[in-house]
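There are 2 protein chains.
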Amino acid sequence: MPYRAPVTDITFCLDHIVGFDRVQAASRFEDATSDVVQAILTEAGRICEEVLAPLNRAGDLHPARLENGVVRTSPGFAEGYRAIAEAGFVAISADPAHGGLGLPHTVTTAVNEMMGAACLSLELNPLMTQGQIEALEHHATDAIKDLYLPRLVSGDWCGTMNLTEPQAGSDVGALTTRAVPNGDGTYAVTGQKIYISWGDNDFAGNIVHLVLARLPDAPGGTKGISLFLVPKKIPDAQGNPGMANTLKVVSLEHKMGLHGSPTCVMQYDGAQGWLIGEENKGMAAMFTMMNNARLGVGVQGVSVAEAAYQHALAYALDRKQGRTEGPTGSIVDHADVRRMLIEMKAEIFAARALSLDLAVAIDLAKAGDAEAQARAAFLTPIAKAYGTEVGMKVADRGIQIHGGMGFIEETGAAQFARDVRVTAIYEGTNGIQAMDLVGRKLMDGGAAAFALLDEIEAAASGDDLGAMLTPVVAALRETTQDMLARDMADRFGGAVPFLMAFARVLGAQYHAKAAVTGDAARVSLAQYHLTRLLPEAHAMMAQARCGSGGLYDLSPDDLAA
Amino acid sequence: MPYRAPVTDITFCLDHIVGFDRVQAASRFEDATSDVVQAILTEAGRICEEVLAPLNRAGDLHPARLENGVVRTSPGFAEGYRAIAEAGFVAISADPAHGGLGLPHTVTTAVNEMMGAACLSLELNPLMTQGQIEALEHHATDAIKDLYLPRLVSGDWCGTMNLTEPQAGSDVGALTTRAVPNGDGTYAVTGQKIYISWGDNDFAGNIVHLVLARLPDAPGGTKGISLFLVPKKIPDAQGNPGMANTLKVVSLEHKMGLHGSPTCVMQYDGAQGWLIGEENKGMAAMFTMMNNARLGVGVQGVSVAEAAYQHALAYALDRKQGRTEGPTGSIVDHADVRRMLIEMKAEIFAARALSLDLAVAIDLAKAGDAEAQARAAFLTPIAKAYGTEVGMKVADRGIQIHGGMGFIEETGAAQFARDVRVTAIYEGTNGIQAMDLVGRKLMDGGAAAFALLDEIEAAASGDDLGAMLTPVVAALRETTQDMLARDMADRFGGAVPFLMAFARVLGAQYHAKAAVTGDAARVSLAQYHLTRLLPEAHAMMAQARCGSGGLYDLSPDDLAA
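If you read the protein sequences in the order shown, they are chains A and B.
Residues in the first sequence are numbered from 76 upward in steps of one, following my numbering.
Residues in the second sequence are numbered from 76 upward in steps of one, following my numbering.
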């Protein structure tokens, strides 16, 4: 089935759930009138439906490949990318000083969701560049900004992130790539990086790599990491791509999914690089990129979930099988198929609302609201982990709804599940997100968490659905207090269920808010969420309150027995 | 990591959890001494580790393919199959009158688990033949038995099941394949069947298809379906494979996983067939095959779960990354990795125990125990659905534990997840299993369900863990009563969560029993299950008690909105 961009539901979230009007009220975002936003969403929806969605299967069937050291992208991806770049979707939120639209990150988030639903493997490309633009805006010198940003913003050049090395994955501090001063203000970068998404392509004029590396005599661990900009082709005096830098793509990974996105092993052999930000402060600069990327990856989960849901619904509406209870004569009216579809829809709405809620907080923070800053920090790991879990769950249910056809690749249902699987892993595994939540994000003594719970409690006081939410919020408050009382090692054992419980409760809040509009379908969906899914929060909290208790009772031998 | 057959844990379940001694005490199974059983399990373990497990990846990389109408199997599969056949693993439970060992189905189940863990796509072949042998033993004439059973039992010939047609999947009654009497006691079978696992291969002397078809003037629906035996090559007077029958493999499916198993579209063009059982009673005969196949598929979930767990554990023990809390210096000592691994182990134990519990009930029923018959019928859909859900969940966690490596196909973690996905679909989707549970399996007014709950309650009275189980059992009793009070359409909306709640409680019971042995590791694993996983049963029951409430409030347009 062709993808249909959910502009209506996104707009509903902006208007009724996440208070986007507060962003629009900030002077920084005065250009983001509802007309402008609606025009962008509509145009993005059209491009996603007409140009990008038709590429999705081709990307899966014809993976990007390495030919004589050059990445050849999947059929149609160059044209798809061009459409994205020409529409300005790489730089919706980039600084107008360099050609960006300067619009809220919320708008970028909504457009990213639609691009990712249409063709996840291609969307990952502008997502990387968006993050790079933000990192350079914050940390680069004016000279670097003036040279690189206009070309990244226009989409002529693409950006990548280079963190991981074979021995340094989640533990970035273990990286060994070296950067040695050349004496002319540039550096010679040497090392191997792995899992570099879109490390090369055949449609950009240049590829700009942001590479984490160590200066000579840098301290060990994360405190000795610096960030370098290393272009594939070194710009000449006119800023045009010039001499080839000494870097190359060594190989592409053979992945479970996301075949259209070339995942590169990159080799840097004394490649010329420029320091971004301060020496040994590379992690801070990288986090600028990474935080938005985390929201971006959470949104990828929403993307795939929406696409997989639409795909499964179309099948369920078409497929006749057995006697049904409903009027259509198709399997959509079998109770268990309906149960799955409504669960998918309810989860998607919650995850979408959460991603937009976080995007709004990021925008308000940018506009100077300190409380929104703390809120954004707290919501980031939740949105990343929950969004991607929803992506996996919904894609899995999509297969199930197809029955035997779900296991056949031609159907397309399996591709969604294969593609989305990586989102729970990259940009920090969901386990890492949960550790971030119970660790760094509770360093404030729970202030951000309790502020959020206060807010949910206040919103929940109104009606029947709200009343269902109240006791769960109270239990989550207690669970948060319990978590705060534990030492870090103990918290980590309950981190993932704690995060998921928070996501469940946030989701229930969004649904309860949606029901307040009185729209019958939204009320029904909210009832589904609060009666069938919200009770899971108690089981999650029970797990969270176990902390690490008992987890070390089993020896490695016991585990292997 | 090489697969290590879990003979010790299987033996523990037989001895301490499922009361296999009751089977051994039946005169029918007097040959199944502990020495004999142990010898078979040990030999099966060895073959699985040494011969079958090395084939698993080759099957994925080099799928079975169709060449000039003949299926060419994956490299090494012919030798692997020969090892299975020569060891007698096709016919452990087959009647000794035709060369079988006549041993309990429990032994077959344990061996199947290990074969499926080593190489799921190959194990599916003998699983199909096992079911066919049982169907022929029950329903075929002596002439058919004498001709076919010795050859199937020896593994010289392989068997298949042909139910599905494009318009007749879960709704078998919609099938249209025709069988017209030839006047000589045989029938001309014409039609197309899809999703035929191992519909052909290049290592068996003959392929014997059991095909559901309609006689002329048969009633519509399932009451007009008859079962036919249709051999690929028609046996000559000596019983050797003779003239080719008029049937062919039209194409193979391109699947998400299980690449080593050829999934065929079969075309029958007036193929010569023999009626098995009575006219229009084909469904009954097919169910003989299908019930064991359902246990067999549930076991496939356990198989893949065990293999994926071992694979992930080996990685976690080897991979160094970040500071850890434990002594190994590898990621196995990160709390969240431990949490995932222990969850996997706890789920596997519960699913394995359930499959063996069901197998014991099947054996006791065969030995004449009517109560065991009802128990087996009730446990079948639970074992099928829960076993396969555990397979999917554990394989998914296995990917996650690998981090980025989990998404790279060379690692092998992804294959487990891709392979096992179909088990939740074939032999009746897990939704169909749940409908069977709340429908047919509650037709006794809940007698079998309550007998099971009584049993759990009695077993649960002993100690602390048992005390944790008691209130959940009480809640499940109430939920069962609630389910019984609903009409069928209403039950179906809560069927899947009801089934999963039952599986959770059964699993807790097995763990509580294991803890009674006092073994510290088993006590710890049981505590994990009862404190962290068992609370999920309440959320499942809350869903079950929603029935179909609200599921039809959303119109197709609402769902698509």
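Glycine is no exception: its CB is placed at the ideal position from the N, C-alpha and C atoms.
- If one requires a minimum length of 4 residues, the alpha helix (DSSP H) runs lying completely within the region 535–569 of chain A are 539–559, 563–567, in chain order.
- Counting along the chain, the unbroken beta strand (DSSP E) around residue 310/B starts and ends at 308–310.
- Rounded to whole angstroms, the gap between the alpha carbons of residue 171/B and residue 448/B is 23 Å.
- Around residue 342/A, the same chain offers 267, 322, 323, 325 as residues with beta carbons nearer than 7 Å, after the five sequence neighbours per side are excluded.
- The beta carbons of residue 476/A and residue 412/A sit about 6 Å from each other, so the pair counts as a contact at 8 Å.
- Identification of chain A residues near residue 617/B by a Cβ-Cβ cut-off of 8 Å yields 606, 607, 610, ordered along the chain.
- Between the alpha carbons of residue 387/B and residue 192/B lies a gap of roughly 14 Å.
- Collapsing the DSSP output to three states places residue 370/A in a helix.
- Residues of chain B with a Cβ closer than 7 Å to the Cβ of residue 628/A are, in chain order, 599.
- Burial is judged here by how many other beta carbons sit within 10 angstroms of a residue's own beta carbon; residue 518/A has fewer than 16 and is exposed.
- By alpha-carbon distance to residue 223/A, the top candidate from 502/A, 375/A, 316/A is 316/A.
- With fewer than three CB-CB distances shorter than 8 Å, the region 458–473 of chain A does not count as touching the region 132–147 of chain A.
- When CB distances to chain B are screened at a threshold of 9 Å, the residues of the region 400–430 of chain A falling below it are 400, 401, 402, 403, 405, 406, 407, 408, 409, 410, 411, 412, 413, 414, 415, 416, 417, 420, in chain order.
- With at least 16 other beta carbons inside 10 angstroms of its own, residue 488/B counts as buried.
- Relative to the Cα of residue 355/A, the nearest Cα in the group 590/A, 295/A, 399/A, 404/A belongs to 295/A.
- For the region 376–396 of chain A, the set of positions with a beta-carbon nearer than 7 Å to some beta-carbon of chain B reads 388, 392, 396 in chain order.
- For the C-beta of residue 571/B, the chain A residues within less than 9 Å are, from N- to C-terminus, 411, 414, 415.
- In the same chain as residue 426/B, and ignoring 5 residues on each side of it, the C-beta atoms closer than 7 Å to its own belong to 376, 377, 380, 461, 462, 465, in chain order.
- With three or more CB-CB distances shorter than 8 Å, the region 233–252 of chain B counts as touching the region 280–290 of chain B.
- In this structure, residue 205/A sits away from residue 263/A, with a CB-CB distance that is not shorter than 8 Å.
- The Cβ atoms of residue 428/A and residue 451/A lie no closer than 8 Å to each other.
- Here the region 242–261 of chain B makes no contact with the region 179–198 of chain B; the two share fewer than three CB pairs at distances below 8 Å.
- Within 10 angstroms of the beta-carbon of residue 108/B lie fewer than 16 other beta-carbons, which makes it exposed.
- Beta bridge pairing from DSSP links residue 257/B with no other residue.
- Taking a C-beta cut-off of 9 Å against chain B, the contacting residues of the region 493–510 of chain A are 493, 496, 497, 499, 500, 501, 504, 505, 506, 507, 509, 510, listed in chain order.
- Residue 213/A sits exposed, since fewer than 16 C-beta atoms from the chains shown fall within 10 Å of its C-beta.
- Assignment of beta-bridge partners to residue 281/A by DSSP yields 232/A.
- Nearest to residue 526/B by alpha-carbon distance, out of 566/B, 552/B, 540/B, is 552/B.
- For the pair residue 154/A and residue 332/A, the Cα-to-Cα distance works out to about 21 Å.
- Annotation for residue 183/A: the continuous alpha helix (DSSP H) segment containing it runs 180–193.
- Residues 85, 88, 89, 92, 93, 95, 181, 184, 185 of the same chain have their beta carbon placed closer than 8 Å to that of residue 431/A, with the five preceding and five following residues left out of the count.
- DSSP, read as helix, strand or coil, puts residue 87/A in helix.
- Exclusion of the five residues before and after residue 127/B leaves 155, 190, 193, 194, 197 as the residues of its chain whose Cβ lies within less than 7 Å of its Cβ.
- Residues of the region 317–347 of chain A with a Cβ closer than 7 Å to any Cβ of chain B, in chain order: 328, 329, 330, 331.
- Looking at the DSSP output, residue 393/B sits in no beta bridge, so it has no partner there.
- With respect to chain B, the C-beta atom of residue 194/A has no partner C-beta closer than 8 Å.
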